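Asks: Encoded as structure tokens, here's the structure I'll be asking about.
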Amino acid sequence: MKKRVAILGATGSIGKSALDVISKDPDNFEVVLLSARSRITELEQLKKQFPSAVCVNNNLLDAIRNVQPDITVNGIAGSAGLEPSIAAIKSGSNLALANKETIVMAGELVLKLAKEMGVNIIPVDSEHSAIYHLINGLGAPSEIILTASGGPFRKHTIQEMQNVTVEDALAHPTWNMGTKITIDSASMANKGLEIIEACILFKIQADNVKVVVHPQSIVHSMIRMHNGAFYAQLSKPDMRNPIADALYWPEIAPPAIDPLSFDSLTLEFEKPDTNKFPILNLAWEAARLGKLYPCVYNAANEEAVSCFISNKCGFLDIPKIAEYVLQMDWSKEFDNIEAVLEADKKARLEAVNFIQKMR
Ligand code: NAD
Ligand code: MG
1422 MKKRVAILGA TGSIGKSALD VISKDPDNFE VVLLSARSRI TELEQLKKQF PSAVCVNNNL
1482 LDAIRNVQPD ITVNGIAGSA GLEPSIAAIK SGSNLALANK ETIVMAGELV LKLAKEMGVN
1542 IIPVDSEHSA IYHLINGLGA PSEIILTASG GPFRKHTIQE MQNVTVEDAL AHPTWNMGTK
1602 ITIDSASMAN KGLEIIEACI LFKIQADNVK VVVHPQSIVH SMIRMHNGAF YAQLSKPDMR
1662 NPIADALYWP EIAPPAIDPL SFDSLTLEFE KPDTNKFPIL NLAWEAARLG KLYPCVYNAA
1722 NEEAVSCFIS NKCGFLDIPK IAEYVLQMDW SKEFDNIEAV LEADKKARLE AVNFIQKMR
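To convert, count from 1 in the sequence shown and add 1421; that's my numbering.
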């Protein structure tokens, strides 16, 4: 039986990679839903390529409910991905989850819902995909080691980072991704989101999630088992790999990309500089505090990044904005998505007020 696949964010970086994987195996996959909010002419082209798919640029939640896919690839950028993830789970669809914001904002509620619905959430974020498959093979680890490329400013001094432009921040050394996640990679807020994502997905304490800078982006993450041994997953930096792993799961995916050659491979590792990238420490703190702090970390950072992109603040203001919003009280217990959306909205208002005061 073919898997009926929905691709949310079909015109984006993840969406295109997912369509590439699926197009190579029409015997196993049928695209039943495609969604996009931007690059609508590209969506129209896709409609011609996949004539049986429903294509939407609004009313996405209704479309998911109507189509009831077997598996949904969520490649929507940012917090807008949360509600579509929930709609997919409620429709009984497994979730191939690239949209890390779903887990950061409301991970515990979403995991609980998935359990109630009997559906699986298979992470697509490359680090979490690596860890997920390692844990499936080896069991629960004592420590998770997330690798980070270090981004374009790895070798910059703080002084040199003072006046970097949006264009500088978009020049990622190893990965080709959408705008928001690329800026987050430059500030290391992306790794911060991934620390939180790992804590929630793999039910592990924040202090047992470590970060190591690995500029080649070949080792996609590691786990340390209780006997002290480290296990890693290695491949070229290409998202078709973790996407295929999620789409074929629980089967083993056929190779989605060329194999890695070890003939002349150098792998480097170094400690992340938390003075240069203070947003990393904020993520560990938000993960420790739990409650609404992870959601607020994401919301404040999203606002800060959109201000940086529109030249309303500088690059080094991004962690300052997140820090300002996070020092407020977000310790309210919650058991519904409405509370999450409300905190998200409030945190954004606080971020915007702070940015206006800074100017
Ligand atoms: P992108 O900007 O390239 O694409 C985003 C897609 O989402 C587009 O199709 C856009 O039309 C759609 N979209 C944007 N806003 C929307 C909204 N409000 N409602 C509905 N659809 C909307 O982004 P991307 O780089 O593909 O990233 C997507 C997600 O995957 C993010 O959560 C990102 O953190 C995660 N992710 C991406 C990569 C990568 O390599 N690109 C790797 C790991 C995780
Ligand atoms: Mg990642």
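For every residue, glycine included, the Cβ atom is placed at its ideal position computed from N, Cα and C.
Here the structure is a predicted model, which means the values were calculated and not measured.
Looking at the ligand NAD, does it come within less than 7 Å of A1517, judged from the CB to the closest heavy atom?
Replies: Stepping through the sequence shown from its first residue, residue 1517 is reached at position 96. No - the ligand NAD has no heavy atom lying nearer than 7 Å to the Cβ of A1517.
Asks: Determine, using beta carbons only, whether A1619 and H1549 come nearer to each other than 8 Å.
Replies: For this step, residue 1619 is matched to residue 198 along the sequence shown. For this step, residue 1549 is matched to residue 128 along the sequence shown. Contact: yes.
Asks: Looking only at C-alpha atoms, which of F1690, Q1777, S1656 sits nearest to P1680?
Replies: Within the sequence shown, the letter at position 259 stands for residue 1680. Minimum Cα distance to P1680 is reached at S1656.
Asks: Quick one: measure Cβ to Cβ for E1529 and G1502, integer angstroms, because I've assumed they're closer than 8 Å.
Replies: Along the sequence shown, read from residue 1 onward, the residue named residue 1529 stands at position 108. Along the sequence shown, read from residue 1 onward, the residue named residue 1502 stands at position 81. With a Cβ gap of about 17 Å, E1529 and G1502 do not count as contacting.
Asks: CB V1545 to CB P1490, shorter than 8 Å?
Replies: Residue numbering aside, residue 1545 sits at position 124 when the sequence shown is read from its first letter. Residue numbering aside, residue 1490 sits at position 69 when the sequence shown is read from its first letter. Taking 8 Å as the Cβ cut-off, V1545 and P1490 do not qualify as a contacting pair.
Asks: Roughly how many angstroms lie between the CA atoms of F1775 and N1757, to the nearest whole one?
Replies: In the sequence shown, the residue the question calls residue 1775 occupies position 354. In the sequence shown, the residue the question calls residue 1757 occupies position 336. Their backbone Cα atoms lie some 28 Å apart in a straight line.
Asks: For C1734, tell me which candidate among A1704, E1744, M1779 has the shortest Cα-Cα distance.
Replies: Position 313 of the sequence shown, counting from 1, holds the residue named residue 1734. Comparing Cα positions, the closest option is M1779.
Asks: Between which two residues does the beta strand (DSSP E) carrying L1737 extend?
Replies: Taking the sequence shown and counting its residues from 1, one reaches residue 1737 at position 316. It is not in any beta strand (DSSP E) - L1737 carries neither H nor E in the DSSP assignment.
Asks: Within the continuous beta strand (DSSP E) that includes Q1654, where are the two ends?
Replies: Here the question's residue 1654 lines up with position 233 in the sequence shown. Where Q1654 is concerned, the enclosing beta strand (DSSP E) stretches over 1651-1655.
Asks: Go ahead and pull the three-state DSSP assignment for N1479.
Replies: Position 58 of the sequence shown, counting from 1, holds the residue named residue 1479. Residue state, collapsed to three classes: coil.
Asks: Just to confirm the assignment, what range does the alpha helix (DSSP H) spanning P1505 have?
Replies: Here the question's residue 1505 lines up with position 84 in the sequence shown. P1505 -> alpha helix (DSSP H) spans 1503-1511.
Asks: For I1673, count neighbouring Cβ atoms within 10 angstroms of its own Cβ and tell me buried if that reaches 16, exposed if not.
Replies: Within the sequence shown, residue 1673 is the residue found at index 252, counting from 1. By the neighbour-count rule (16 or more Cβ atoms within 10 Å), I1673 is not buried but exposed.
Asks: Candidates D1694, I1443, K1753, E1706: which alpha carbon is nearest T1578's?
Replies: Taking the first residue of the sequence shown as 1, we reach residue 1578 at position 157. If we check each option's Cα against that of T1578, D1694 comes out closest.
Asks: Of all the options S1731, I1742, K1712, I1443, which has the alpha carbon lying nearest to the alpha carbon of I1492?
Replies: Stepping through the sequence shown from its first residue, residue 1492 is reached at position 71. Nearest in C-alpha terms to I1492, of all of S1731, I1742, K1712, I1443, is I1443.
Asks: For S1456, list the residues DSSP reports as bridge partners.
Replies: Sequence index remark: in the sequence shown, residue 1456 carries index 35 (1-based). Note: S1456 sits in a beta bridge opposite L1429, V1477.
Asks: Is the stretch 1599-1615 touching the stretch 1698-1717 in the sense that three or more CB pairs, one from each, lie closer than 8 Å?
Replies: In short, these stretches touch, since the Cβ pair count reaches three.
Asks: Take L1614 as the anchor and find which of G1499, M1660, L1591, I1552 has the nearest alpha-carbon.
Replies: Residue mapping note: residue 1614 aligns to position 193 of the sequence shown, counting from 1. In terms of Cα proximity to L1614, the closest of G1499, M1660, L1591, I1552 is G1499.
Asks: Assuming L1688 and V1640 form a contact by the criterion Cβ under 8 Å, report the distance between their Cβ atoms to the nearest whole angstrom.
Replies: Mapped onto the sequence shown, residue 1688 falls at position 267. Mapped onto the sequence shown, residue 1640 falls at position 219. The Cβ separation is near 6 Å, so the contact holds.
Asks: Apply the 10 Å Cβ neighbour rule to N1732 and answer buried if 16 or more other Cβ atoms are within range, or exposed otherwise.
Replies: What you label residue 1732 is simply residue 311 of the sequence shown in a count that begins at 1. If you draw a 10 Å sphere on the C-beta of N1732, you find fewer than 16 other C-beta atoms in it, and that means exposed.
Asks: Does the ligand MG have a heavy atom nearer than 7 Å to the CB of E1522?
Replies: What you label residue 1522 is simply residue 101 of the sequence shown in a count that begins at 1. No.
Asks: Please determine, among E1754, W1751, C1728, S1752, the residue with the shortest C-alpha to C-alpha distance to I1742.
Replies: In the sequence shown, residue 1742 corresponds to position 321, counting from 1. When only C-alpha atoms are compared, the closest one is C1728.
Asks: With 16 as the cutoff for other CB atoms within 10 Å, does I1485 come out buried or exposed?
Replies: Taking the sequence shown and counting its residues from 1, the one referred to as residue 1485 is at position 64. Its Cβ being crowded by 16 or more others within 10 Å, I1485 is buried.
Asks: Considering only heavy atoms of the ligand MG, list every residue whose Cβ is less than 6 Å from one of them, following chain order.
Replies: Listed by position along the chain, the residues with Cβ atoms less than 6 Å from a non-hydrogen atom of the ligand MG are D1546, S1547, E1548, E1615.
Asks: So, S1506 versus L1481, is the Cβ gap smaller than 8 Å?
Replies: For the purposes of this step, residue 1506 is identified with residue 85 of the sequence shown, where counting begins at 1. For the purposes of this step, residue 1481 is identified with residue 60 of the sequence shown, where counting begins at 1. No; because the gap between Cβ atoms is not below 8 Å, this pair is not in contact.
Asks: Check for me: the alpha helix (DSSP H) holding T1462 runs from which residue to which?
Replies: Within the sequence shown, residue 1462 is the residue found at index 41, counting from 1. Residue range 1461-1470 is occupied by the alpha helix (DSSP H) that includes T1462.
Asks: Going by CA-CA distance only, name the one from P1447, S1459, N1479 that's closest to F1471.
Replies: On the sequence shown, position 50 is the one that residue 1471 refers to. It is P1447.
Asks: Within the continuous alpha helix (DSSP H) that includes M1526, where are the two ends?
Replies: For the purposes of this step, residue 1526 is taken as residue 105 along the sequence shown, with counting starting at 1. In the DSSP assignment, M1526 falls within the alpha helix (DSSP H) that extends over 1521-1538.
Asks: Are the C-beta atoms of P1447 and some chain D residue less than 8 Å apart?
Replies: Reference to chain D is not applicable here, since this structure consists of a single protein chain.
Asks: Leaving out the 5 sequence neighbours to the left and right, which residues in its chain are closer than 7 Å to E1754 when beta-carbon positions are compared?
Replies: Counting from 1 along the sequence shown, the entry for residue 1754 is found at position 333. Spatial neighbours of E1754 in its own chain (CB-CB distance under 7 Å, excluding positions within 5 residues in sequence) are listed in chain order as K1712.
Asks: L1429 to S1459, Cα distance in whole Å?
Replies: Start at 1 with the first residue of the sequence shown, and residue 1429 comes out as number 8. Start at 1 with the first residue of the sequence shown, and residue 1459 comes out as number 38. Going by the C-alpha atoms only, they are around 12 Å apart.
Asks: Could you give the first and the last residue of the continuous alpha helix (DSSP H) run that contains S1444?
Replies: As a position in the sequence shown, residue 1444 is number 23, starting the count at 1. 1434-1444 is the extent of the alpha helix (DSSP H) around S1444.
Asks: Going by C-alpha to C-alpha distance, which of H1647, G1436, D1605 sits closest to I1665?
Replies: Position 244 of the sequence shown, counting from 1, holds the residue named residue 1665. Rather than Ile, the amino acid found at residue 1665 in this sequence is Ala. Considering only alpha carbons, the answer is G1436.
Asks: Which partner residues does R1645 have in the DSSP bridge list?
Replies: Walking along the sequence shown from the start, residue 1645 turns up at place 224. E1564, F1651, per the DSSP bridge assignment.
Asks: For a minimum of 3 consecutive residues, which ranges assigned as the beta strand (DSSP E) are wholly contained in the stretch 1682-1714?
Replies: none
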